[in-house]
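The sequence shown begins at 413 in the numbering used here and counts up by one. Glycine included, each C-beta is placed from N, C-alpha and C at the ideal position. Here the structure is a predicted model, which is why all the values come from computation and not from measurement. Have a look at the structure below before the remarks.
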Amino acid sequence: MDYGKFFPIIKYYEKVVIPMNPKRYHTKSDKMMVCPLHDDHDPSMGVIHSSKNGEIFHCFGCGRWGNVVDLHQGVTKRLKGRYISYDESLRDLCRLFNVNYDLVKDMEDKENRDSDIKREMALDEAISRFDISDFKELFLLGKLAGRGVGYFNNLMMVMVNAVKG
Numbered sequence: 413m414d415y416g417k418f419f420p421i422i423k424y425y426e427k428v429v430i431p432m433n434p435k436r437y438h439t440k441s442d443k444m445m446v447c448p449l450h451d452d453h454d455p456s457m458g459v460i461h462s463s464k465n466g467e468i469f470h471c472f473g474c475g476r477w478g479n480v481v482d483l484h485q486g487v488t489k490r491l492k493g494r495y496i497s498y499d500e501s502l503r504d505l506c507r508l509f510n511v512n513y514d515l516v517k518d519m520e521d522k523e524n525r526d527s528d529i530k531r532e533m534a535l536d537e538a539i540s541r542f543d544i545s546d547f548k549e550l551f552l553l554g555k556l557a558g559r560g561v562g563y564f565n566n567l568m569m570v571m572v573n574a575v576k577g
């Protein structure tokens, strides 16, 4: 979900990170900042707008990336010494930005339901195109990867259902 609609990363950084140590944490531009997740001195963390995931951060120094909820979890752990869950992080952000938590959760749930429906439709379509050459290739790949019996049972059931349909 694109939490940047509710809690833009740059605004979070200005509101939460910079006040912790204004001499150390600063922004180079509206998209680059000093990363609070590692011992950074020069701006190495950027904000990226992804069409699939919305607004995400990525640090070229430590390699961490994620949405603003992930960033808040990391900041809370590193700078405040507290471990918080993803949901606690989301609740904190709602409190900090004065956003209704239930509204955010409802949108998140709707997005997850829509995603589940799309995934199920794609799976149904893929299964309808499944044929013996796919079975053979997946069987051999499973053997090479040392997959367990459950993998082969599942593969066999997909093939049986494809033949029936």
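query, result
"Should proline 455 be labelled buried (16 or more other beta-carbon atoms within 10 Å of its own) or exposed?", "buried"
"What does the alpha-carbon distance come out to for the pair tyrosine 424 and leucine 550?", "46 angstroms"
"Please name the residue, chosen from Lys530, Tyr415, Val572, that lies closest to isoleucine 460 on a Cα-to-Cα basis.", "Tyr415"
"What does the alpha-carbon distance come out to for the pair aspartate 546 and isoleucine 529?", "24 angstroms"
"For the stretch 441-449 and the stretch 473-490, state whether three or more C-beta atom pairs, one from each stretch, are separated by less than 8 angstroms.", "yes"
"Buried or exposed for methionine 571, going by 16 or more other Cβ atoms inside 10 Å?", "buried"
"Is the Cβ-Cβ distance between valine 429 and valine 487 less than 8 angstroms?", "yes"
"Is the beta carbon of leucine 483 less than 8 angstroms from the beta carbon of phenylalanine 472?", "no"
"In the DSSP assignment, what are the bridge partners of valine 459?", "Phe469"
"What residues match up with threonine 439 in a beta bridge as DSSP calls it?", "Met445"
"Buried or exposed, going by whether 16 or more other CB atoms sit within 10 Å of the CB of serine 501?", "buried"
"Do you know offhand how far tyrosine 498's Cα is from leucine 508's?", "15 angstroms"
"Histidine 484 lies in the alpha helix (DSSP H); which residues open and close that run?", "480-492"
"From Cys506, Asn465, Tyr495, Lys555, pick the residue whose C-alpha is nearest to that of glutamate 523; which is it?", "Asn465"
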